[in-house]
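Some notes on the structure that comes next.
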Amino acid sequence: MPAEVAADVEAVRDLKIETKRCLDLTHPQIVRVYDFVQGPAGAAIAMEFVEGESLASRKAASPNGCLPVSEVAR
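Take the sequence shown: its position 27, counted from the start at 1, is 29 in the numbering used here, and no numbers get skipped.
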């Protein structure tokens with residue numbers, strides 16, 4: 003994650019809370035979150051690897067930077 007976020011105590015606390023909530027979330031359409039890790043080099047959220055195009059690139063290629071409802075509804 004960006005150094006600015008990793009240095010923000012409140013943001014890190016919130017991310018740890020959200021990570022704990024995600025640990026119980028299991029669904030084939032939701033990326034699995036495994037852990038929040040933090041060390042001298044920074045912080046990161048360990049997640050399941052999903053093959054394919056990133057959500058960011060799909061949004062960037064969509065009109066107005068938003069995905070159509072018909073695409074996200076499925």
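Glycine included, every Cβ here is placed at the ideal spot set by N, Cα and C.
Item                                                                                                                                           : Value
Ala63 lies in the alpha helix (DSSP H); which residues open and close that run?                                                                : 57 to 63
Going by DSSP, name the residue or residues bridged to Ala45.                                                                                  : Gln40
Leaving out five residues before and five after Ala45 in sequence, what residues of the same chain have Cβ atoms less than 8 Å from its Cβ?    : Met3, Val7, Ala8, Val14, Leu17, Phe38, Val39
Using 8 Å for Cβ pairs, my map puts Val74 next to Met49. What's the rounded Cβ distance?                                                       : About 19 Å separates the two Cβ atoms, so there is no contact after all.
Below 8 Å on the Cβ atoms is my contact criterion, and I expect Ile47 with Thr28 to pass it. Report the Cβ-Cβ distance as a whole number of Å. : Not a contact, Cβ separation roughly 17 Å.
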